[in-house]
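If you read the protein sequences in the order shown, they are chains A and B. Read in order, the letters of the first sequence are residues 1 to 321 in the working numbering. Read in order, the letters of the second sequence are residues 1001 to 1321 in the working numbering. Cβ coordinates follow ideal geometry from the N, Cα and C atoms, glycine included.
2 protein chains.
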Amino acid sequence: MKADSTVQRPSKKRVVIRVDPERRAWWKETMSNLLPEMEVFLWDEDSYCKEEINYAIVWTPPHGGLARLPNLECVFSVGAGVSHITDDPSYPWHIPIVRTVGPPLQQRMREYVALHVLRIHRRLPEIEAASKAREWKQFVEPVAGDVMVGIMGMGNLGTPTALTLRGLGYQVKGLSRRGRPVDGVEVYKRDDLPRFLNNLKILVVILPATRDTDNIINHRTIHLLPRGAWIIGAGRGTQISDSDLMNALDEGHLEGAVLDVFRQEPLPTNDPLWKHPKILITSHTASAIEPSVGGKIIADNLRAFMEGQEVPDLVDMTQGY
Amino acid sequence: MKADSTVQRPSKKRVVIRVDPERRAWWKETMSNLLPEMEVFLWDEDSYCKEEINYAIVWTPPHGGLARLPNLECVFSVGAGVSHITDDPSYPWHIPIVRTVGPPLQQRMREYVALHVLRIHRRLPEIEAASKAREWKQFVEPVAGDVMVGIMGMGNLGTPTALTLRGLGYQVKGLSRRGRPVDGVEVYKRDDLPRFLNNLKILVVILPATRDTDNIINHRTIHLLPRGAWIIGAGRGTQISDSDLMNALDEGHLEGAVLDVFRQEPLPTNDPLWKHPKILITSHTASAIEPSVGGKIIADNLRAFMEGQEVPDLVDMTQGY
């Protein structure tokens, strides 16, 4: 055996995982199986040196935690959003972040938005109430082609969602930073917000969380929507002003809302959003996927990053999403 | 003025309308406006001679009524089904019938089935219950690509519906008399019913009402579905055995049902279907359209028939649909 006095470098790349406590054993086993060429540790374990960690797979890491890993090469977010990582003021911004999206999450979001747009348009809450009350009641609404839906955020979740709604026959408008065109969808730039909002029956918010989008749905923008509109919130919980939303529902300007994301999750039991009769809470399930599917996407992204291949879900660190 | 001793023939074609009493004034006005070249009467008016009627636009005409119009050339059903006409034992079978379908009704059915398939698949009833109970509860289901939906009846409503579900990502099987192939959908013939049913999570019944399809969904066929399946009934009310359905729900073989059509409509207030906790009643709204849209389709069909043009929704009188 050859003697070597320099610091011993581990032969395998090392990964640390920081997820919900209930699921961490499962994550460790799954990622160890998916990445047999690496060593996998849990965040709170004592058995690794911070200096040896190359990759971190995280959900809501504690502030300062990632900055203490000096040889970190890349961070993988367990989810499509990354604000749970970048809201750490000490986040080392030179370290790239990869979001977890991929076809399964896009599929989930398409299903979720299609379901709730159809539910609103076809007046399912009223039909369910009539069924419970044993009342024969026939509602006739306009066909989908006469219903205007707006997708706020035409990224890799918003674009396939907009196309799915087109396929169902809806009229669809989109809003994105650059206003890049999408087939069959009228896409507006951010500064065209009033024109985007002015005739929507249903506004779907799938924006990423950035400083720009904080409280972007507020008293003023809600009142740019026509009376009787609905809001579906499936981006981040910071984008909608809860109190402005509830006021607009109470005064009848908005007819209803479906919310999937919140400032604090799980949404605290005493939060007034729970009690509002015109709000349906869907507990962050819009684009939920089976953990094994998410694990597979992360393993593929991690290996692609390591091998220098293109990683489409790499976050643009100048934009923060 | 030229004297003429023969029976006077009216110069205009004459149409009689038999619809719900509440809407008949509206129908008369609408059809008179849409068909200015004809004379339009209501069924119960005294101002027309039975001998002079050329066309009848009807919903549930009284038995024997159409047989008493000796110069009738064609009957137009206010709806996609025609059994409300052909179940009259005295119906004069040499008189052709035209159904009212067309793109708006197909669009409605696509919306309805997409909504209820998504609602079942994405477990909306449980999510709504959790929201009402203020419980943060995350459900993770398979993606649409792992959910098998079966469309029973691949006609001009079933086929576009099947394609819509494919577009949403579902696996789709179809059942039709001839088993005519449809892109991306495995279509079975009627005698292959067991193979069609064996792995469906959701069975959608959009069959026409014929003697063949009476009670086609019964104890035996329900138990060819896997445990935990759902049934959406949007064809005719005669196709599902209500008691077999409720038994299968009670014993847990079926998880739930959504019913749009019934043997008697409106469904009587004391019908046990109303009270069943696993059944959602949607009061024959699946492919409901605004009456003005229906009126327009009928006027177009009537004029096409009169001018000898092709009428795609002409009923095949040998099949009864």
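What do you get for tryptophan 27 of chain A, buried or exposed, if any count of 16 or more other CB atoms within 10 angstroms of its CB means buried? buried
Give the residues of chain A in contact with glycine 1158 of chain B, contact being defined as C-beta atoms less than 7 Å apart. Chain A residues near glycine 1158 of chain B: none, gap ~17 Å exceeds 7 Å.
How would you label alanine 25 of chain A, buried or exposed, when you count the other beta carbons within 10 angstroms and need 16 or more for buried? exposed
Of the residues A/Glu39, A/Ala130, A/Gly235 and A/Val172, which one's Cα is nearest the Cα of alanine 144 of chain A? A/Val172
Do aspartate 260 of chain A and alanine 286 of chain A count as a contact pair if the criterion is CB distance below 8 Å? yes
Consider the Cβ of proline 1104 of chain B: report whether some Cβ of chain A lies at a distance smaller than 8 Å. yes
Segment contact, 8 Å Cβ cut-off, at least three pairs: the segment 1201-1213 of chain B with the segment 1051-1058 of chain B: no
Please decide whether lysine 296 of chain A counts as near chain B, where near means a Cβ-Cβ distance under 8 Å. no
For the beta strand (DSSP E) containing methionine 1148 of chain B, name the first residue and the last one. 1148-1152
Beta carbon proximity, histidine 94 of chain A to chain B, threshold 8 Å: no
Got a sec, what are the start and stop residues for the alpha helix (DSSP H) methionine 109 of chain A sits in? 102-121
What are the residues of the segment 1110-1124 of chain B that lie near chain A, defined by any Cβ-Cβ distance shorter than 8 Å? Arg1110, Glu1111, Tyr1112, Ala1114, Leu1115, Leu1118, Arg1119, His1121, Arg1122 and Leu1124
Which parts of the segment 214-274 of chain A are runs of the alpha helix (DSSP H), unbroken and 4 residues or longer, counting only runs that do not cross its ends? 219-222 and 242-250
Residue closest to histidine 1121 of chain B, alpha-carbon to alpha-carbon, out of B/Ile1232, B/Trp1059, B/Leu1267 and B/His1219: B/Ile1232
Report the three-state DSSP secondary structure of isoleucine 127 of chain A (helix, strand or coil). helix
Starting from the Cα of glycine 155 of chain A, find the closest Cα among A/Lys132, A/Gly64, A/Leu35 and A/Lys189 and give me that residue. A/Lys189
Determine whether the beta carbon atoms of alanine 80 of chain A and leucine 105 of chain A lie at a separation below 8 Å. yes
Output yes if chain B places a C-beta closer than 8 Å to the C-beta of serine 5 of chain A; else output no. Its pLDDT being 47, under 50, serine 5 of chain A is placed unreliably by the model, and the measurement read from it follows with that caveat. No, because no Cβ of chain B sits closer than 8 Å to the Cβ of serine 5 of chain A.
Name the two residues that bound the continuous beta strand (DSSP E) containing isoleucine 95 of chain A. Premise fails: isoleucine 95 of chain A is in no beta strand (DSSP E) and is neither H nor E.
Decide if aspartate 1004 of chain B is buried, meaning its Cβ has at least 16 other Cβ atoms within 10 Å, or exposed. Unreliable placement is indicated for aspartate 1004 of chain B, whose pLDDT of 49 sits below 50; no coordinate value is reported for it.
Touching by the beta-carbon criterion (3+ pairs, under 8 Å), the segment 247-256 of chain A and the segment 270-284 of chain A: yes
Residues from the segment 1161-1173 of chain B in contact with chain A, defined by Cβ distance under 9 Å: Thr1164, Gly1167, Leu1168 and Gly1169
Same chain, Cβ closer than 6 Å to aspartate 1088 of chain B, five either side skipped, listed in chain order: His1063
Does DSSP put serine 1005 of chain B in a helix, a strand or coil? Summary for serine 1005 of chain B: the model assigns pLDDT 46, below 50, so the residue's position carries little reliability; its value from the coordinates is reported in the next sentence. In the structure shown, serine 1005 of chain B sits in coil (DSSP, three-state: anything other than H, G, I, E or B).
Alpha helix (DSSP H) containing glycine 295 of chain A: first to last residue? 291-306
Would you report the Cα separation of leucine 1200 of chain B and alanine 1229 of chain B, rounded to the nearest angstrom? 7 Å
Using CA coordinates, which residue listed in B/Val1140, B/Glu1126 and B/Leu1157 is at the minimum distance from valine 1101 of chain B? B/Leu1157
Quick one, which of B/Leu1267, B/Pro1096 and B/Glu1265 has its alpha-carbon nearest threonine 1318 of chain B's? B/Pro1096
Taking all protein chains shown into account, do 16 or more other C-beta atoms lie within 10 angstroms of the C-beta of histidine 1094 of chain B, making it buried, or fewer, making it exposed? exposed
Let me see if you follow: with CB-CB separation under 8 Å, is valine 19 of chain A close to chain B or not? no
At a CB-CB cut-off below 8 Å, which residues of chain B make contact with glutamine 107 of chain A? Val1143, Ala1144, Gly1145 and Gly1169
Just to confirm the assignment: which complete alpha helix (DSSP H) runs, minimum length 4, are found wholly within the segment 131-196 of chain A? 158-167
How many angstroms separate the CA atom of valine 1075 of chain B from the CA atom of glutamine 1138 of chain B? 53 Å
Proline 272 of chain A CB to nearest chain C CB: under 8 Å? In the displayed structure, chain C is absent; the protein chains listed are A and B.
Looking at the structure shown, is lysine 278 of chain A part of a helix, part of a strand, or coil, going by DSSP? coil
So is proline 1266 of chain B in contact with chain A if we call contact Cβ pairs under 8 Å? yes
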